[in-house]
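Right, one structure below, let's go through it.
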DNA sequence: CACGCTATTTTGAATAGTCAAAATAAATTG
DNA sequence: CAATTTATTTTGACTATTCAAAATAGCGTG
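Rendered as structure tokens:
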């Protein structure tokens with residue numbers, strides 16, 4: 092069985108590969124894991140020796156098929172636990188990441204299957220992040236973000252790719268959760284700002300970097 | 092925060108102190124934790140340095156107030172998780188110990204409080220083991236067991252103090268779970284056997300050692 | 001193309017937890 | 001009560017993971 096540490100390394104490599112694909116540089120990985128770069132190098136070499144990643148020195152890491160399988164398992168546990176915490180225990184959107192971070196390493200396949208059934212086999216977690224299937228398949232559709240979408244068209248939020256509690260609370264407060272319908276009325280690249288409106292709410296300004304974390308699709 | 096290892100040492104010291112109180116010998120502790128005796132000695136000395144236990148060399152350990160507080164917290168998490176697994180996820184009586192063993196170290200106070208509320212603040216887990224309160228109080232009533240109780244009187248099972256899956260499945264199959272009413276019709280000390288009957292079930296023979304793990308009170 | 005900046009790797013050392021096996025203390029027993 | 005058995009402790013060594021700091025490789029710029 093992979094240790095908690097190994098699971099975390101693999102999970103973060105998978106997550107980092109989601110946006111910037113190709114090789115993950117050690118700096119990015121060590122930052123994601125809050126360890127010094129040297130530690131990441133050491134660990135990655137061990138993972139490579141176990142056939143879980145490929146390490147190209149001075150360039151970066153990527154998962155092997157075996158490593159990806161493990162990482163998807165961790166991600167599935169993480170996201171199902173989050174869904175449980177929000178939908179069954181009625182916990183706060185923003186608080187559940189931290190909790191799931193612990194529980195994802197402690198939950199067995201048996202318990203996970205029961206949980207999955209209890210939740211009705213959800214396809215995404217409360218942030219809209221896709222939940223890998225038991226077989227390790229994950230929906231990886233490319234969506235527009237509020238930072239890249241067309242203006243003046245109604246859009247449905249499908250996913251909020253951000254895990255910080257502050258941001259999620261902010262999003263929650265302004266109704267920016269999966270399912271919400273919004274329209275971007277204006278985008279100012281120079282200022283790094285955009286304006287959006289939502290039925291029954293006052294217009295809202297958002298930074299481009301924040302907007303880039305909110306994935307949308309055309310609403311109808 | 093105490094490590095998983097520390098939590099396990101403290102929990103097992105608490106559990107061992109429940110039956111045989113006084114000092115827990117290192118042999119008993121190391122066996123409970125599946126480590127060699129030398130390891131237990133080393134670890135116990137570290138726990139003593141942290142003020143969590145008192146270690147009297149060549150005699151044994153016991154918890155300090157601080158250690159007991161930690162141990163009761165772990166036990167509370169363990170038993171609430173078990174209750175959740177049985178009552179919400181409908182898992183098997185016998186399977187839940189193993190699962191809870193992992194989850195007890197990964198669940199935060201926040202999640203635990205929600206879980207506790209969801210379950211209706213239960214006083215005992217599915218085996219009848221008392222759940223420590225948030226403040227660290229635990230009901231410690233002394234009950235008779237099937238091995239020590241009066242004959243030919245109706246008795247209500249209140250607790251099954253055994254964690255092995257095999258035993259619990261056996262008990263389950265014969266209806267020996269908390270709440271069940273049984274009568275001991277005969278006890279043969281020499282043979283180490285007793286006979287009991289239960290309404291609507293055929294008479295059952297039980298070893299004295301097994302019977303000693305089933306706590307009862309007079310029914311009505 | 002040499003210089004310096006930045007990212008990465010190496011090296012040496014620390015911590016937590018473990019085991020195997022030798023040393024010691026306590027208890028039992030003839 | 002000396003001898004043996006049994007439980008416990010000590011010692012030395014190993015694994016996994018981490019950090020600090022020194023060494024190195026690649027890069028871009030003048």
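Residue numbers (this note's numbering), protein chains in the order written: chain G, 92 to 311; chain S, 92 to 311. Quick reminder that beta carbons are idealized off the backbone N, C-alpha and C, glycines included.
Chain G contact residues for residue i, given Cβ-Cβ distances below 8 Å
i                      : result
residue 260 of chain S : Result: empty, since nearest Cβ-Cβ is about 15 Å, beyond 8 Å.
residue 209 of chain S : 179, 180
Residue i classed as buried or exposed, judged by whether at least 16 other C-beta atoms fall within 10 angstroms
i                      : result
residue 99 of chain S  : buried
residue 174 of chain S : buried
residue 309 of chain S : exposed
residue 267 of chain G : buried
residue 208 of chain G : exposed
residue 88 of chain S  : With chain S covering only 92 through 311, there is no way to say anything about residue 88 of chain S.
residue 94 of chain S  : exposed
residue 140 of chain G : exposed
residue 109 of chain S : exposed
residue 190 of chain G : buried
residue 164 of chain S : buried
residue 200 of chain G : exposed
residue 212 of chain G : exposed
residue 188 of chain S : buried
residue 121 of chain G : buried
residue 102 of chain S : buried
residue 271 of chain G : buried
residue 147 of chain G : exposed
residue 277 of chain G : exposed
residue 138 of chain S : buried
residue 257 of chain S : exposed
residue 221 of chain G : buried
residue 312 of chain G : Chain G is shown only over 92 to 311; residue 312 of chain G falls outside these bounds and no answer can be derived.
residue 134 of chain G : buried
residue 161 of chain G : buried
residue 117 of chain S : buried
residue 223 of chain G : buried
residue 158 of chain S : buried
residue 233 of chain G : exposed
Chain G residues whose Cβ lies nearer than 7 Å to that of residue i
i                      : result
residue 197 of chain S : 193, 194, 196, 197
Residue-chain proximity (residue i, chain S), Cβ-Cβ < 8 Å
i                      : result
residue 186 of chain G : yes
residue 190 of chain G : yes
Residue-level contact to chain G via CB, residue i, 8 Å cutoff
i                      : result
residue 203 of chain S : no
residue 182 of chain S : yes
residue 257 of chain S : no
Per-residue contacts from residue i into chain G (C-beta, under 9 Å)
i                      : result
residue 263 of chain S : The contacting residues do not exist; residue 263 of chain S stays about 17 Å from chain G at best.
residue 176 of chain S : 202, 205
Any non-hydrogen atom of the ligand NAD closer than 7 Å to residue i Cβ
i                      : result
residue 194 of chain S : Annotation note on the ligand NAD: not contained in the displayed structure, which lists no ligands.
**Request:** Please list the segments of the alpha helix (DSSP H) lying wholly inside the region 101-127 of chain G, counting only runs of 4 or more residues, in order along the chain.
**Result:** 117-124
**Message:** At 3 residues or longer, what runs of the beta strand (DSSP E) sit wholly inside the region 215-285 of chain G?
**Reply:** 245-251, 272-279
**Prompt:** Is the number of C-beta pairs between the region 165-184 of chain S and the region 146-154 of chain S that are closer than 8 Å three or more?
**Reply:** no
**Asked** Which whole runs of the beta strand (DSSP E) in the region 131-165 of chain S are 3 residues long or more, in chain order?
**Response** 144-147, 151-154
**Message:** So, does the region 288-305 of chain S touch the region 233-240 of chain S, judging by three or more C-beta pairs under 8 Å?
**Reply:** yes
**Request:** Spell out a yes or no on whether the region 216-233 of chain S and the region 281-289 of chain S are touching, meaning 3 or more CB-CB pairs, one atom from each, closer than 8 Å.
**Result:** no
**Message:** Extract the residue ranges of the alpha helix (DSSP H) inside the region 166-223 of chain S, only unbroken runs of 4 or more that lie entirely within it.
**Reply:** 187-194, 200-209
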